[in-house]
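Encoded as structure tokens, the structure appears first; notes follow it.
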Amino acid sequence: MRIVVLGAGFGGLELAASLSEQFGPDLDLTLVDGGDAFVFGFSKLDVMFGKHDQTAVVHPYAALSLPGVRFVNATVQSIDPTAKRVETTAGPLQADVLVVALGAELDPAATPGLLEGGHEFYTVAGAFALRDVLAGFRGGNVVVGVTSTPFKCPPAPSETALLVHDFLRERDVLASSSVTLVMPLPKPVPPSPDASAALLAAFEKRGIRWCPNRRVASLDPARRVAVLDDGGELPYDLFLGVPVHRAPDVVIDSGLAVDGWIPVDPRTLETAFADVYAVGDVTSAGTPKAGVFAEGQAAIVAHRIAARLRGETATQAYDGRGICYVEVGRGAVAKVDVTFTPGQAPVGGLEGPSPELAADKEEFGRSRIARWFGAGG
Ligand SMILES: Cc1cc2nc3c(=O)[nH]c(=O)nc-3n(C[C@H](O)[C@H](O)[C@H](O)COP(=O)(O)OP(=O)(O)OC[C@H]3O[C@@H](n4cnc5c(N)ncnc54)[C@H](O)[C@@H]3O)c2cc1C
Numbered sequence: 043m044r045i046v047v048l049g050a051g052f053g054g055l056e057l058a059a060s061l062s063e064q065f066g067p068d069l070d071l072t073l074v075d076g077g078d079a080f081v082f083g084f085s086k087l088d089v090m091f092g093k094h095d096q097t098a099v100v101h102p103y104a105a106l107s108l109p110g111v112r113f114v115n116a117t118v119q120s121i122d123p124t125a126k127r128v129e130t131t132a133g134p135l136q137a138d139v140l141v142v143a144l145g146a147e148l149d150p151a152a153t154p155g156l157l158e159g160g161h162e163f164y165t166v167a168g169a170f171a172l173r174d175v176l177a178g179f180r181g182g183n184v185v186v187g188v189t190s191t192p193f194k195c196p197p198a199p200s201e202t203a204l205l206v207h208d209f210l211r212e213r214d215v216l217a218s219s220s221v222t223l224v225m226p227l228p229k230p231v232p233p234s235p236d237a238s239a240a241l242l243a244a245f246e247k248r249g250i251r252w253c254p255n256r257r258v259a260s261l262d263p264a265r266r267v268a269v270l271d272d273g274g275e276l277p278y279d280l281f282l283g284v285p286v287h288r289a290p291d292v293v294i295d296s297g298l299a300v301d302g303w304i305p306v307d308p309r310t311l312e313t314a315f316a317d318v319y320a321v322g323d324v325t326s327a328g329t330p331k332a333g334v335f336a337e338g339q340a341a342i343v344a345h346r347i348a349a350r351l352r353g354e355t356a357t358q359a360y361d362g363r364g365i366c367y368v369e370v371g372r373g374a375v376a377k378v379d380v381t382f383t384p385g386q387a388p389v390g391g392l393e394g395p396s397p398e399l400a401a402d403k404e405e406f407g408r409s410r411i412a413r414w415f416g417a418g419g
């Protein structure tokens, strides 16, 4: 069975590693990615705020060593979900089972003024470049602003506001600065009231201004103001933005997407096309766009493919559960455990925040890299 996995992010790597672990060299899996390395989303913040050097968080695909997995460094140019045929810059690929894990693309140019007058911290390049920008910042009004929904890792803008506050305090420029957070959500982490309460308390304690249910529509670089969707304006000296997200063009052109994202059966991750699955940020599976959900969905697709390879019936379905770590500043981390069940309100709990959970988070990353990259991890 020829298995072709498009995208080597959280979802694609988990799928490849899980099947490789079960079938070893008997597996025929091709993993395609246009990038040359994997970087965790949270590592972007680590580099931006100077916690880690960028060489420590970039994991080159050249090191990937998983039995039965062939990595192809190529851009996917077209997908025919009926024929399960894919065109790439390295030539065509024919699949018996196709998995689309191409994530969400970021489009900073879609927000007028963002490229000219601000910065974004969601792409690897944008976050890494901000390390030098922050190092040269001497204080002033900082606005952390989300430009549209949906956006990856809903806690990330809150984490950024808190880490900016730490950064200004450590540089002794807090007295001449302000931090404002603009988010198009009613609460920092809507599915977890406890996590939201902890973050709102942290904002209040630090004097971070919280602007819920608003998004940044544009920046006016000449006047250095962020313009909100209700016409309100916020002056800024440093703007840190979350850019517009969309499915990659190749997905839109394939006919797999409906209303911008790929609809899937939330329990099986099957698309409307036979033997074509989709996982992670590229879907409208009903879970937030976060790596832990992409990983959990990939594990279920691996289970289903494995059952088929063994001639068995798949017994497991996706449970919508994800655990994520939230930086709350001053070295402390909280652990949020949320479950999204179709047709029900999401439920979520909170552990911490505590400095001990920062070590748990480090281990979360380390164990993934060891598993996903095999002997090369
Ligand atoms: C600042 C920040 C912090 C975050 N923190 C967390 C966190 O703490 N916990 C968490 O769970 N999530 C976090 N996330 C979110 C997480 O990074 C994503 O949700 C996750 O990576 C999604 O996994 P995925 O497999 O769906 O897509 P991705 O990991 O984005 O992978 C998609 C892959 O497809 C490739 N690709 C796209 N188009 C093409 C093409 N045409 N041809 C070839 N390859 C292509 C890309 O190169 C990419 O490698 C964070 C994100 C950000 C930005």
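Here the sequence shown is numbered in the numbering used here, starting from 43 and rising by one per residue. Note that the Cβ used here is the ideal one computed from N, Cα and C, for glycine as well.
- Remark: the shortest separation between the CB of Y367 and any heavy atom of ligand 1 falls under 7 Å.
- Here the distance from the Cβ of T153 to the nearest heavy atom of ligand 1 is not below 7 Å.
- Around the C-beta of S409, fewer than 16 other C-beta atoms lie within 10 Å, and the residue is accordingly described as exposed.
- With respect to the 8 Å criterion, G83 and K194 are classified as neighbours on the basis of their beta carbons.
- Per DSSP, P290 lies in no beta strand (DSSP E) segment and is marked neither H nor E.
- Contact annotation: V89 and F170 have beta-carbon atoms nearer than 8 Å.
- For the pair V221 and V184, the Cα-to-Cα distance works out to about 5 Å.
- Fully contained in the segment 341-403 are the following beta strand (DSSP E) runs of length 3 or more, in chain order: 363-371, 374-381, 389-396.
- DSSP places L261 in the uninterrupted beta strand (DSSP E) bounded by 258-262.
- Residue environment: S120 is assigned as exposed (fewer than 16 neighbouring CB atoms within 10 Å of its CB, all protein chains considered).
- A143 has its alpha-carbon roughly 26 Å from the corresponding atom of V389.
- Judged by DSSP secondary structure, P134 falls within the beta strand (DSSP E) whose first and last residues are 133-136.
- Counting only residues of its own chain and dropping the five nearest sequence neighbours on each side, E162 has a CB closer than 6 Å to the CB of P150, G168, G283, P285.
- Residue burial annotation: K377 is buried, with at least 16 other C-beta atoms found within 10 angstroms of its C-beta.
- Assigned with DSSP and collapsed to three states, F281 falls in strand.
- Take T355, set aside five residues on each side of it, and the residues of its chain with a beta-carbon closer than 7 Å to its own are A349, in chain order.
- For E147, the enclosing beta strand (DSSP E) has its first and last residue at 147-149.
- Using a Cβ distance threshold of 8 Å, R257 and T189 count as a contacting pair.
- Between L176 and R265, the alpha-carbon positions lie close to 21 Å from each other.
- Annotation for A320: the continuous beta strand (DSSP E) segment containing it runs 318-320.
- With a cutoff of 8 Å on beta-carbon distance, P192 and S260 are scored as not near each other.
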